[in-house]
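Notes follow the structure.
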Amino acid sequence: MNSRNKQRVLLGMSGGVDSSVAGYLLREQGYDVIGVTMKVWPQDCISRAEDKCCGPQAVADARSVAYALGIPHYVIDEADQFEKLVIKYFSSEYQAGRTPNPCVMCNEKLKFGNLWQKAEALGCDYIATGHYAVIEHHDAAAGDRGYKRAVLRKGVDPRKDQSYFLFSLRQEQLRRALTPLGRMSKSEIRAIARKLGLKVADKPDSQEICFVPGQDYKAFLRSHLGEKQFHRGGIYDLDGNFIATHDGIEMFTIGQRKGLPGGSAQP
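Just so we're aligned, residue 3 is where the sequence shown starts under the numbering used here, counting upward by one.
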């Protein structure tokens, strides 16, 4: 903890409306806010990252908002760590026949993991994000050796709740995390952004995995792992009747129907 009168917060800024308004709310609550955007795309992939999360346009939008709010803004290159901790995990889970959740891994390992070292270097007490989740901070109970504890709860807006994406955070990470949007709705957030005149007020939400171009998982896995990593074979029904062939069992997850040769067009 630093000795300043104001507690300092490192705010992860994606260039979207949520983290932008989070910066405003934290500033209004009296925090000394520092904005940071992670660069997670390798230099040779910048062209296809233009409109993606943490791409060049996102960085420009985050910097513009930080300027409007009067807070400093930094860009941190995490491309190597993103490749190591998120993309490799994503690929290996598909290889093992499991469904990965790269956003959960990114939050645990990068946003609330590696980024804490940067936060400490800047004298920050907390890391904040624009997630729709509630983190309650409680004083230490008797016998807890002075340690405070934090409790993760669902956001009040059931349509936007993002507590799931933070479920893997450890207690030491939750204790130093702030999520100022957890008790608000999306419409309230956009209304605040419009009132502030932020150009990202009506920016569409990002619904895609940021590093998979066109959400073509098969093409991404082929380019990232190489053709030799895939085991082709046949698809059969429960009675042993042949239905179709597949390009590699690694391309599918348990329970999947959509996109399966001979399967349904629906998930």
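Beta carbons: idealized from backbone N, C-alpha and C, even for Gly.
These figures come from a predicted structure and were not determined experimentally.
Asked                                                                                                                                                  : Found
If you drop the 5 nearest sequence neighbours on each side, which residues of the same chain put their C-beta closer than 6 Å to that of E252?         : Y96, Q97, F232
Classify R161: buried if its beta carbon has 16 or more other beta carbons within 10 angstroms, exposed otherwise.                                     : exposed
Taking the beta carbon of P104 as the centre, do at least 16 other beta carbons fall within 10 Å, making it buried, or is it exposed?                  : buried
Measuring straight from C-alpha to C-alpha, what distance separates T131 and R259?                                                                     : 35 Å
Nearest to A135 by alpha carbon, out of L168, K111, R151?                                                                                              : L168
In the DSSP assignment, find the alpha helix (DSSP H) that holds E85 and state where it starts and stops.                                              : Element bounds for E85: n/a, residue is neither H nor E.
Since I251 is in the alpha helix (DSSP H), which residue starts that stretch and which ends it?                                                        : Premise fails: I251 is in no alpha helix (DSSP H) and is neither H nor E.
With DSSP collapsed to three states, give me the class of Y1.                                                                                          : One cannot answer for residue 1 here, as it falls past the ends of the chain, which runs 3 to 269.
The alpha helix (DSSP H) with Y91 in it runs from where to where?                                                                                      : 90-97
Is any beta-carbon of chain C found at less than 9 Å from that of A121?                                                                                : Here there is only one protein chain, and chain C is not present.
Along the chain, where does the alpha helix (DSSP H) that runs through I78 open and close?                                                             : Taken as a continuous stretch (DSSP letters only), I78 belongs to no alpha helix (DSSP H), being part of the beta strand (DSSP E) at 75-79.
When DSSP labels each residue in this structure, what does R224 get in the three-state scheme?                                                         : helix
Ignore the nearest five residues each way along the sequence and tell me which others in M107's own chain have a CB closer than 7 Å to its CB.         : L87, V88, Y91
Can you name, in chain order, every residue of its own chain whose Cβ lies under 6 Å from the Cβ of R128, other than the five neighbours on each side? : Before going further, note that residue 128 is Tyr rather than Arg in the sequence given. Excluding residues within five positions, the ones whose Cβ falls inside 6 Å are V11, R178, L180.
Would you check if the distance between the CB atom of K41 and the CB atom of E85 is smaller than 9 Å?                                                 : no
Using only the alpha-carbon positions, how far apart do H248 and W118 sit?                                                                             : 43 Å
Nearest to S22 by alpha carbon, out of L183, D82, A221, D241?                                                                                          : L183
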